[in-house]
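A.B. asks: Handing you a structure now.
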Amino acid sequence: MTEAKPLSGKTALVTGASKGIGAATARALAAAGAHVILTARDVRGLEEVEDAIHADGGNSTIAPVDLTEADGLARLATAIASRWDALDILVISAAYLPHLTPVTQIDQKQFNQALTINVLATQALLANFDPMLKRADAGRIIGLTSSVGAGPRAYWAAYGSSKAAFDNLLESYAQEVEKIGNVRVAIVDPGATRTDMRARAYPGEDPQTVKAPAEVADRLVELLAGDFETGHRERVG
């Protein structure tokens, strides 16, 4: 008799699923039995992740979207709602890292990109998928944050301030849905992880000295399988 997987029957949406932590999380969720909806701009990257999921015996659906498009997430939500009645899991992994500069030299175009992807898209995700999450027996949201959101750091202001706003949105939403009971929110700082974003921020670092994305993904699945209190925060590693 085949042992039941902990997330069997669940539907999960992962943003930033074409690479890094998002891709690893999508694969881990699928391995745990969830049907995973993969979203990102990079169609080829999404196809590679989907191929890996299917090769491992999992199930997934590709849903490319550009988070900088004002109505992109509304269209995505409409498409998903036409196929599934509820959304059990939302993992917000997509993020944009501007160049690290002094506050006085922040590139306005890059700063706007960070605010759009890290903040405005997060609010749009919560707004558009709130009904589907509430229709789930146990809607769960995990947002991936950064330590510079809570602790300002020189040269990191453009990214850090966007992540501070990201945290605020998620924490506020967590309080708003707390009395409903079936929707819970966790904010997770993955810590130093071997990703393209990490390599851009720390170009001289040996990537083998930091943990692989799969370690973060395994912890996220563990959280989702074991449940958590809304407003839960933790750092991996």
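Under the UniProt record's numbering, the first residue of the sequence shown is numbered 1, with each subsequent residue one higher.
Glycine included, C-beta positions come from ideal geometry on N, C-alpha and C.
Quantities reported herein were computed from a predicted structural model and do not represent experimental measurements.
Does the region 121 to 133 touch the region 48 to 57, meaning 3 or more C-beta pairs lie closer than 8 Å?
C.D. replies: no
A.B. asks: Can you give the beta carbon distance from threonine 25 to alanine 217, rounded, assuming they're within the 8 Å contact cut?
C.D. replies: As a working mapping, residue 25 is identified with position 25 in the sequence shown. As a working mapping, residue 217 is identified with position 217 in the sequence shown. At roughly 4 Å, the Cβ-Cβ gap stays under 8 Å, so threonine 25 and alanine 217 are in contact.
A.B. asks: Roughly how many whole angstroms lie between the Cα atoms of glycine 149 and aspartate 167?
C.D. replies: Here residue 149 refers to the residue found at position 149 of the sequence shown. Here residue 167 refers to the residue found at position 167 of the sequence shown. Those two C-alpha atoms are separated by around 7 Å.
A.B. asks: Does the distance from the C-beta atom of residue 246 to that of proline 98 stay below 8 Å?
C.D. replies: Limits of the chain in this structure are 1 at one end and 237 at the other, which puts residue 246 out of reach.
A.B. asks: Please say whether glutamate 171 and glycine 237 have beta carbons closer to each other than 8 Å?
C.D. replies: For the purposes of this step, residue 237 is identified with residue 237 of the sequence shown, where counting begins at 1. For the purposes of this step, residue 171 is identified with residue 171 of the sequence shown, where counting begins at 1. It is not a contact, given that the beta carbons lie outside the stated cut-off.
A.B. asks: Just grab the DSSP bridge partners of leucine 13 for me.
C.D. replies: Numbered from its first residue, the sequence shown carries residue 13 at position 13. DSSP output for leucine 13 lists Ile37, Leu90 as bridge partner(s).
A.B. asks: Hey, proline 64 and valine 43: beta-carbon distance below 8 Å or not?
C.D. replies: Residue 64 sits at position 64 when you count from the first residue of the sequence shown. Residue 43 sits at position 43 when you count from the first residue of the sequence shown. Going by C-beta atoms, proline 64 is nearer than 8 Å to valine 43.
A.B. asks: Could you compute how far the alpha carbon of methionine 132 sits from the alpha carbon of glutamate 215?
C.D. replies: The residue labelled residue 132 in the question sits at position 132 within the sequence shown. The residue labelled residue 215 in the question sits at position 215 within the sequence shown. Going by the C-alpha atoms only, they are around 29 Å apart.
A.B. asks: Determine the closest residue to valine 14 out of Gly57, Ser82, Asp56, Leu73, with distance taken between C-alpha atoms.
C.D. replies: Locating residue 14 in the sequence shown gives position 14, counting from the first residue. If we check each option's Cα against that of valine 14, Leu73 comes out closest.
A.B. asks: Reducing DSSP to helix, strand and coil, say where serine 162 ends up.
C.D. replies: Locating residue 162 in the sequence shown gives position 162, where the first residue counts as 1. Serine 162 carries a helical assignment under DSSP once its states are collapsed to helix, strand and coil.
A.B. asks: If I measure Cβ to Cβ from proline 6 and keep anything under 6 Å in the same chain, skipping five residues before and after, which residues do I get?
C.D. replies: Here residue 6 refers to the residue found at position 6 of the sequence shown. Within the same chain, proline 6 has close Cβ partners Ala32, Ala225.
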